[in-house]
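>
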Ligand SMILES: NC(=O)c1ccc[n+]([C@@H]2O[C@H](COP(=O)([O-])OP(=O)(O)OC[C@H]3O[C@@H](n4cnc5c(N)ncnc54)[C@H](OP(=O)(O)O)[C@@H]3O)[C@@H](O)[C@H]2O)c1
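Numbering (the numbering used here), first residue to last: 5 to 318.
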């Protein structure tokens, strides 16, 4: 089997971590580039052990910083150019967050949820895009909360509200409800990004948005105050016990299996725990998809960022 470089984000905790270990065990011949805020951390060492001594490179990268993303992408491109990394075959865009209230900003003064969940993956994939070769895959973690329907969110997350990328990227204030809405909206944005990529990827490279559904026992609620975090974690565990969710181990196994078996779905599909199903009607909108691709390019442009904190308001 041909050796490939696989770039992983969001594998330092939660089901991403479980998934990464399974991928590495199943394909130890591949080289894994793990992007993480603390790439020296014990986890990367643990993954290195799982994959074999030479199979993992940790690259420090806070996805809330466009400069760090560019630097990480340059490091990967250098490795590909020099031949120290095998050809690029995969990207897992699993890093993501949900906030308890609005107001947090990325280093570039963008709204944090949109910045990390959408803009970071846009920039990374765009920088690496010309280097993907088939057979390859890009999997971006979305969420069924993008539907905005009670049967998916159990009332815990408001429906998404799409606006221009410029407005979505603008920092704003708001409470828990607005923060939940920003999260749902960002996961709708992930699907738009997936659809936009279909029109840009080389033949043999598929792109998919992936819904893990409800996963208990992850650090998903890390930004909530302690008491609320405990309650939310308990609620998720209860849902899992009632059969409406998975453990991080189960969800990680499902994601790894989906990637390893090569999603049998057409490129662009929304994979609900691995199964190809339609995403929301709202998520099929070529005008919005192309607007996001175009506007994201403007938002991440280095000259655009200079002094922008003063120019954008909610
Ligand atoms: N849990 C669920 O029920 C659920 C449902 C639907 C979708 N999802 C999505 O699934 C993905 C994984 O979630 P999880 O539940 O496993 O939560 P988690 O344990 O909090 O994992 C989040 C991952 O994203 C990384 N990350 C967040 N912000 C980052 C940043 N600025 N720079 C670099 N990495 C960053 C974290 O890295 P650090 O260790 O450095 O923080 C971590 O590896 C997310 O995209 C989430 O939105 C989760």
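Note that beta-carbon positions come from the ideal geometry of N, C-alpha and C, so glycine has one too.
Measuring CB atoms only, is the segment 231 to 241 touching the segment 110 to 124, in the sense that at least three cross pairs come out at less than 8 Å?
They do not touch, by the three-pair rule.
> Between which two residues does the alpha helix (DSSP H) harbouring residue 78 extend?
Residues 70 to 86.
> Have a look at residue 290 and residue 12 and give me their C-alpha separation to the nearest angstrom.
Each residue's alpha carbon lies about 28 Å from the other.
> When DSSP labels each residue in this structure, what does residue 311 get in the three-state scheme?
Here residue 311 scores only 47 on pLDDT, less than 50, and its place in the model should not be relied on; the value that follows carries that caveat. Residue state, collapsed to three classes: coil.
> From residue 133 to residue 31, what does the alpha carbon distance come to, in whole angstroms?
Cα-Cα distance, rounded: 23 Å.
> Check whether the segment 141 to 158 touches the segment 191 to 209, taking contact to mean three or more Cβ pairs, one atom from each stretch, closer than 8 Å.
With the cut-off at 8 Å, the segment 141 to 158 and the segment 191 to 209 touch.
> Given the structure, does residue 217 come close to ligand 1, in the sense that its CB is under 8 Å from one of the ligand's heavy atoms?
Yes, since a heavy atom of ligand 1 falls inside the 8 Å radius drawn around the Cβ of residue 217.
> For ligand 1, is there any heavy atom lying closer than 8 Å to the beta carbon of residue 278?
No, since every heavy atom of ligand 1 falls outside the 8 Å radius drawn around the Cβ of residue 278.
> For residue 54, collect the residues of the same chain with a Cβ closer than 7 Å to its Cβ; drop the 5 residues on either side in sequence, then sort them by chain order.
So the qualifying residues of the chain are 25, 28, 29.
> Sorry if obvious, but does the Cβ on residue 157 come closer than 8 Å to a heavy atom of ligand 1?
Checking every heavy atom of ligand 1 against the Cβ of residue 157, none is found closer than 8 Å.
> Among residues of its own chain, excluding the 5 on either side of residue 276, which ones have a beta-carbon nearer than 6 Å to its beta-carbon?
So the list reads 215, once near-sequence residues are dropped.
> So the candidates are 228, 68, 80, 44; which of them puts its Cα closest to the Cα of residue 99?
Nearest option by C-alpha distance: 68.
> Can you confirm whether the segment 205 to 214 touches the segment 270 to 286 when touching is taken to mean that 3 or more C-beta pairs between the two stretches lie within less than 8 Å?
Taking 8 Å as the limit for Cβ pairs, the verdict is that the segment 205 to 214 does touch the segment 270 to 286.
> Under a Cβ-count criterion, where at least 16 other Cβ atoms within 10 Å of its own Cβ denotes burial, should residue 182 be classed as buried or exposed?
By the neighbour-count rule (16 or more Cβ atoms within 10 Å), residue 182 is buried.
> Decide if residue 313 is buried, meaning its Cβ has at least 16 other Cβ atoms within 10 Å, or exposed.
Its pLDDT being 44, under 50, residue 313 is placed unreliably in this model, and the value from its coordinates should be taken loosely. Per the 10 Å Cβ criterion, exposed.
> Would residue 73 be called buried (16 or more neighbouring beta carbons within 10 Å of its own) or exposed?
Label assigned to residue 73: buried.
> Please work out which residues of its chain come closer than 6 Å, Cβ to Cβ, to residue 16, disregarding the five sequence neighbours upstream and downstream, and give them in chain order.
Around residue 16: 40, 47.
> To the nearest angstrom, report how far apart residue 175 and residue 169 are at their CA atoms.
Each residue's Cα considered, the two are about 12 Å apart.
> If you draw a straight line from the alpha carbon of residue 227 to that of residue 102, how long is it in whole angstroms?
Distance between the alpha carbons of residue 227 and residue 102: 7 Å.
> Measure how close the beta-carbons of residue 244 and residue 235 come, nearest whole angstrom, since I'm counting them as under 8 Å.
With 8 Å as the limit, residue 244 and residue 235 do not qualify as a contact, their Cβ atoms being about 15 Å apart.
> Do residue 8 and residue 159 have their C-beta atoms within less than 9 Å of each other?
No, the Cβ-Cβ distance between residue 8 and residue 159 is not below 9 Å.
> For residue 94, does the three-state DSSP call read helix, strand or coil?
Here residue 94 sits in strand by DSSP.
> Along the chain, which unbroken stretches of the alpha helix (DSSP H) at least 4 residues long are found entirely within the segment 151 to 188?
Within the segment 151 to 188, the complete alpha helix (DSSP H) runs of at least 4 residues are 154 to 157, 169 to 173.
> Report yes if the C-beta of residue 271 is less than 8 Å from at least one heavy atom of ligand 1; otherwise report no.
The answer is no for residue 271.
> Less than 9 Å between the C-beta atoms of residue 296 and residue 197, yes or no?
Yes, the pair counts as a contact, with Cβ atoms nearer than the cut-off.
> Going by DSSP, which residues form a beta bridge with residue 213?
Answer is 144, 274, bridged to residue 213.
> Kindly provide the ranges of any alpha helix (DSSP H) runs that are 4 or more residues long and lie completely inside the segment 218 to 274, ordered along the chain.
Here the runs fully enclosed are 230 to 245, 252 to 264.
> For residue 304, does the count of other Cβ atoms within 10 angstroms reach 16, so buried, or fall short, so exposed?
By the neighbour-count rule (16 or more Cβ atoms within 10 Å), residue 304 is buried.
> In terms of alpha-carbon separation, which member of 127, 104, 208 lies closest to residue 270?
Ranking the options by Cα distance to residue 270, first place goes to 208.
> I think residue 104 touches residue 180, with their Cβ atoms under 8 Å apart; what is that distance to the nearest whole Å?
Correct: roughly 6 Å between the Cβ atoms.
> Is residue 324 a contact residue of ligand 1, with contact defined as CB to any heavy atom under 8 Å?
Outside the modelled stretch of the chain, which goes from 5 to 318, sits residue 324, for which no answer is possible.
> Between which two residues does the alpha helix (DSSP H) harbouring residue 62 extend?
Careful: residue 62 lies outside any alpha helix (DSSP H), inside the beta strand (DSSP E) at 60 to 64.
> Could you check whether residue 188 and residue 222 sit closer than 9 Å to each other, using their CB atoms as the reference points?
No, Cβ-Cβ distance for residue 222 and residue 188 is not below 9 Å.
> Return yes when at least one heavy atom of ligand 1 lies under 8 Å from the C-beta of residue 133, else no.
For ligand 1, not one heavy atom lies less than 8 Å from the Cβ of residue 133.
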